[in-house]
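Residue numbers (our numbering): 139 to 447.
Take a look at the structure below.
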Amino acid sequence: MSSQPAQKTTDYSNPKVTMLQIEGAKTPVQVFNGGADAPDQPPILFCNANGFPPGCYLDLFAELEVNCVYGAHFRPLWQDWDPKLKGIWRLLTEDLIELAEALKASDTYAGQPIRLLGHSLGATVAIMAAERRPDLFAQLLLIEPVLLPKKILIPAMIAPKSLVRKRSPLATKTLRRPHLFESKQEAFDFHRKARVFNDFSDQAMWHYVNAGVRPTDEGHYQLSYCKHWEAEFYQTPPWLWHRLGRVKVPTTGLRGEHSDTLSVSCWQQWQKLQPSAEFIELSGAGHLLAMSHPNQVARVLNQALASAS
């Protein structure tokens, strides 16, 4: 399926959104311009962090030396939460594999394997998909995947969900968060004061708001990313340690120096399990480095992309 990338916009209060439904895939993609004029180059595929739709990453995409970025719109952006649903990490992995198969078969990719960029949840799902279907991917660019220590993973696997929720401040905060706002400005003001956004520029904050809320029929704005999906991901962290050594796709891993998600010990263990991969730690950055430090992250990613071409 051929397509033209969206036109770049500097009106951050009203960004242009171009969506594609790829034949053979239920997961739509949002189209973003990259920072290079290379129309013959197939798009890079991007998978976002939990709670951060692809439109949050505009500053990063604009600095990437690629012609176009396809941002996967996973289920939390379009499917209501069902409390009976199980295996949500597996489900997203299967959706990503289906999307990659459809993209590879499309006119745009013409059978070429896909360069896959993921952040946090998106990097985690990328690892799971690449381990199962290495034939679909040419390169993995992984920013802060959810690699947690066993002392956290084991209790999360065996404890009742009510207890896991009590021990998961992220899940608790997510479920207590307002769902509706009177305006985008109200959404901006509410989130601007949150500690997690301390190192976001106002421009990055507006990208987050524009992507993170959508208008309702009643004239309000509601969260774009279902908070019940978001909380469930926090409460069911995946076990990836057995998969990393089986990932054969060329990989670049990034970590923020001050990350509160990917610890130093887990970062070091990842490097032992995937010794052929390239690993870079970004000084002064935290877990949300792809949005808080887009220029520095883009420089690392561009070097990795160039070395693989």
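Glycine included, C-beta positions come from ideal geometry on N, C-alpha and C.
If you draw a straight line from the C-alpha of LEU183 to the C-alpha of ALA415, how long is it?
Here residue 183 refers to the residue found at position 45 of the sequence shown. Here residue 415 refers to the residue found at position 277 of the sequence shown. When rounded, the distance between both Cα atoms is 19 angstroms.
Rounded separation between ASP175 and GLN412 - CA only:
Against the sequence shown, residue 175 aligns to sequence position 37. Against the sequence shown, residue 412 aligns to sequence position 274. For ASP175 and GLN412, the distance between alpha carbons rounds to 33 angstroms.
Can you give the Cα-Cα distance for LYS114 and LEU234, rounded to whole angstroms?
For residue 114 there is no data in the structure shown, the boundaries of the chain being 139 and 447.
With a CB to CB cut of under 6 angstroms and the five nearest residues on each side skipped, what residues in its chain are close to CYS449?
Not covered by the structure: residue 449. The range shown for the chain is 139 to 447.
Is the beta carbon of GLU201 closer than 8 angstroms to that of ALA436?
By one-based count along the sequence shown, residue 436 stands at place 298. By one-based count along the sequence shown, residue 201 stands at place 63. The answer is yes: Cβ separation under 8 angstroms.
Validate contact between the segment 163-175 and the segment 323-338 using beta carbons, cut 8 angstroms, 3 pairs
no
Which stretch, first to last residue, makes up the beta strand (DSSP E) that contains CYS404?
Against the sequence shown, residue 404 aligns to sequence position 266. Looking at the DSSP string, CYS404 is not in any beta strand (DSSP E); the run it does join, the alpha helix (DSSP H), is 402-411.
Put GLU161 into one of helix, strand or coil per three-state DSSP.
Position 23 of the sequence shown, counted from the start, is the residue given in the question as residue 161. Note: GLU161 maps to coil in three-state DSSP.
Do the segment 393-412 and the segment 285-292 make contact, defined as three or more Cβ pairs closer than 8 angstroms?
yes
If you drop the 5 nearest sequence neighbours on each side, which residues of the same chain put their C-beta closer than 7 angstroms to that of HIS345?
Counting from 1 along the sequence shown, the entry for residue 345 is found at position 207. If we look at HIS345 and ignore the five residues flanking it on each side, its Cβ neighbours are TYR150, GLY193, CYS194, LEU196, ASP197.
Taking only the alpha-carbon atoms, compute the straight-line gap between PRO353 and HIS380 and give it to the nearest angstrom.
In the sequence shown, the residue the question calls residue 353 occupies position 215. In the sequence shown, the residue the question calls residue 380 occupies position 242. PRO353 and HIS380: Cα-Cα distance of roughly 42 angstroms.
Report all residues from its chain with a CB closer than 6 angstroms to the CB of GLY350; omit the five preceding and five following residues, and keep chain order.
Looking up residue 350 in the sequence shown gives position 212. Hits under 6 angstroms: SER362.
Just to confirm before moving on: does the CB-CB distance between GLU282 and SER258 stay below 8 angstroms?
For this step, residue 282 is matched to residue 144 along the sequence shown. For this step, residue 258 is matched to residue 120 along the sequence shown. Against a cut-off of 8 angstroms, the Cβ pair of SER258 and GLU282 comes out as a contact.
So THR262 is in the alpha helix (DSSP H); what residue range does that whole segment cover?
Translated into the one-based positions of the sequence shown, residue 262 becomes position 124. Residues 259-270.
Which whole-angstrom value is the C-beta distance of ALA240 and ALA342, which I expect to be below 8 angstroms?
Reading the sequence shown from its first residue, position 102 is the one you call residue 240. Reading the sequence shown from its first residue, position 204 is the one you call residue 342. That belief does not hold up - the Cβ atoms of ALA240 and ALA342 are roughly 31 angstroms apart, past 8 angstroms.
What residue range is occupied by the uninterrupted alpha helix (DSSP H) comprising THR310?
What you label residue 310 is simply residue 172 of the sequence shown in a count that begins at 1. It spans 307-314 - the alpha helix (DSSP H) in which THR310 sits, taken as one unbroken run.
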